[in-house]
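Residue numbering for the sequence shown follows this note's numbering, starting at 1 and increasing by one per position.
Here a beta-carbon is modelled for each residue, glycine too, at the ideal position from N, C-alpha and C.
Fair warning: this is a prediction, and the values are worked out from it, not measured in the lab.
Following: one structure in structure tokens, then a few remarks.
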Amino acid sequence: MPPVNTTPLPVVAAVIERGGRVLLARRPAGKPLALKWEFPGGKVDPGETPEAALVRELREELGCAIEIVRPLPRFIHTYDQTTIGMIPFICRLAADSPEPHPHEHVAIAWAQPGELKNYDLAAADLPVVGELNRLGAPRRT
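The structure is reproduced here in structure tokens:
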């Protein structure tokens, strides 16, 4: 078995709030974490800021434009062979954004905070849910 990568891979995640709900995206079958739900986002490319990575990833994955409202606390999560440095942000859709569409996911859902426990979330997203619960987010915006 190859060694676990202990240098955290920077990964961004968007908690997109709208009307008291947050956006979740379901990963495709045949990929790591197949059919798990997640807050959309992805890897930060070398030389890219986390904020720029988040804007790029949401445009690529969901075809939408976002505005970053504020960062959430960062944390480290280790999967079997990879350690990620999760960089989550509270976001909203930009005023001129198209509706999100699952270009790289199999589905999307707008969930109320109390419904998040009903989704089979990727393990790295669970601390984000905990932080949302701690903050009492999302708010109706």
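Pair within 8 Å by beta-carbon distance, residue i and residue j
{"i": "Leu-72", "j": "Ala-14", "result": "no"}
{"i": "Ala-114", "j": "Leu-9", "result": "In the sequence as presented, Ala is not what sits at residue 114; that position holds Gly. Not in contact: Gly-114 and Leu-9 (Cβ atoms no closer than 8 Å)."}
Contacting residues, own chain, Cβ-Cβ under 8 Å from residue i (five flanking each side not counted)
{"i": "Tyr-119", "result": "Leu-24, Trp-37, Ala-109 and Ala-111"}
Inter-residue spacing [alpha-carbon to alpha-carbon] between residue i and residue j
{"i": "Gly-63", "j": "Gly-130", "result": "27 Å"}
{"i": "His-103", "j": "Arg-21", "result": "21 Å"}
{"i": "Lys-31", "j": "Arg-56", "result": "20 Å"}
{"i": "Leu-126", "j": "Ala-52", "result": "24 Å"}
{"i": "Leu-135", "j": "Val-128", "result": "11 Å"}
{"i": "Ile-68", "j": "Glu-61", "result": "17 Å"}
Candidates the options: closest to residue i by CA position
{"i": "Pro-50", "options": "Pro-98, Arg-70 and Ala-34", "result": "Arg-70"}
{"i": "Leu-93", "options": "Pro-28, Arg-26, Pro-40 and Leu-121", "result": "Pro-40"}
{"i": "Val-106", "options": "Glu-67, Leu-33, Ile-66 and Ala-65", "result": "Leu-33"}
{"i": "Val-12", "options": "Val-44, Gly-19 and Arg-26", "result": "Val-44"}
Bounding residues of the beta strand (DSSP E) (the contiguous stretch that carries residue i)
{"i": "Arg-21", "result": "21-26"}
{"i": "Pro-32", "result": "Where Pro-32 is concerned, there is no enclosing beta strand (DSSP E), given that its DSSP letter is neither H nor E."}
Neighbour flag for residue i against chain D, beta carbons, 8 Å
{"i": "Cys-91", "result": "As a matter of chain content, chain D is missing from the structure shown, which is built from one protein chain."}
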